[in-house]
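Chemist: Going by our numbering, the first residue of the sequence shown is number 1, and it counts up by one from there.
A virtual CB, placed ideally from N, CA and C, is assigned to each residue, including glycine.
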Amino acid sequence: MNYIPDESYKALMEFGPICAIDIIFFNKEKTKTLLGKRVNKPYKNIFYSFGGRLRKNELLEDAAIRIAKNETGIRLNESDLIFAGVDNEISDGSIFEKINYHAVVIYFGCVISSSTKIHLDAQHSTHKWINVNDANIHPSIQPRIASALKTVSISL
1 MNYIPDESYK
11 ALMEFGPICA
21 IDIIFFNKEK
31 TKTLLGKRVN
41 KPYKNIFYSF
51 GGRLRKNELL
61 EDAAIRIAKN
71 ETGIRLNESD
81 LIFAGVDNEI
91 SDGSIFEKIN
101 YHAVVIYFGC
111 VISSSTKIHL
121 DAQHSTHKWI
131 NVNDANIHPS
141 IQPRIASALK
151 TVSISL
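#1: Smallest Cα separation from residue 19: which of 30, 59, 148, 27?
#2: Reducing DSSP to helix, strand and coil, say where residue 58 ends up.
#3: Quick one: grab the DSSP three-state call for residue 103.
#4: Do you know offhand how far residue 42's Cα is from residue 91's?
#5: Here's a check: name, in chain order, each residue in its chain whose Cβ is nearer than 8 Å to the Cβ of residue 151, leaving out the five neighbours to either side.
#6: With 16 other CB atoms within 10 Å as the buried threshold, where does residue 122 fall?
#7: Rounded to whole angstroms, what's the CA-CA distance from residue 40 to residue 79? Just pull it up for me.
#8: May I ask which residues mark the beginning and end of the alpha helix (DSSP H) holding residue 152?
#9: Give me the residue from 54, 38, 55 with the minimum Cα distance to residue 48.
#10: Pull up the distance between the alpha-carbon of residue 28 and that of residue 12, whole angstroms please.
#11: Suppose the cutoff is 6 Å on Cβ atoms and the five residues either side in sequence are ignored; what does the same chain contact list for residue 22 look like?
#12: If you follow the beta strand (DSSP E) that residue 22 is in, where does it begin and where does it stop?
#13: For residue 113, which residues in the same chain have their Cβ closer than 8 Å to its Cβ, ignoring the five residues on either side in sequence?
#14: Between the beta-carbon of residue 127 and the beta-carbon of residue 118, is there less than 8 Å?
#15: So what does DSSP say about residue 168, is it helix, strand or coil?
#16: If you check the beta carbons only, do residue 31 and residue 24 fall under 8 Å apart?
Laid out in structure tokens, this is it:
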């Protein structure tokens, strides 16, 4: 379903940004965020937010629901998602040699129980709940977490 062959995806990444959707999960107390340890570049072996590419003709909320289910096993409804912002993400590396990663990331906040069962996909080796103020969180997602936290706190 809307799979892009590697060579086409490589060309897209070489000549323009990718549109991506992230979900920033928080526990009910909004003191921790759920992150997954990536197995793929550019964030291999780093705990990072869950997210993926927006597919052509896909609504933003539908993409977030799909990504959450595929990457974590968490089934969300549109009402669970709170739009939190847009971010420009640029990394030196990517899954392709000599092509950097550039994404325009549209992200949502979502509050779930910390006891929610997580079923990771092949893109993650493990997951953990991390304090939202942990200075060791990757600098690319720290502003997203802070912004989503404010948005979720105001909305609930």
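Modeler: The structure says:
#1: Of the candidates 30, 59, 148, 27, the one whose C-alpha sits nearest the C-alpha of residue 19 is 59.
#2: For residue 58, the secondary structure class from DSSP, reduced to helix, strand or coil, is coil.
#3: Strand.
#4: Near 7 Å, if we compare the C-alpha coordinates of residue 91 and residue 42.
#5: The answer, listed in chain order, is 82, 83, 84, 85, 109.
#6: Flag for residue 122 reads exposed.
#7: Each residue's Cα considered, the two are about 30 Å apart.
#8: From DSSP, the alpha helix (DSSP H) with residue 152 extends over 142 to 155.
#9: For the options 54, 38, 55, the alpha carbon positioned closest to that of residue 48 is the one of 38.
#10: Straight-line measurement puts the Cα of residue 12 at about 38 Å from the Cα of residue 28.
#11: Excluding positions up to five away in sequence, the list reads 49, 51, 105, 107.
#12: That run of the beta strand (DSSP E) goes 18 to 26.
#13: If we look at residue 113 and ignore the five residues flanking it on each side, its Cβ neighbours are 27, 28.
#14: Contact flag set, yes.
#15: Given a span of 1 to 156 for the chain in the structure shown, any question on residue 168 remains unanswerable.
#16: Taking C-beta atoms as the reference points, residue 31 and residue 24 fail to come closer than 8 Å.
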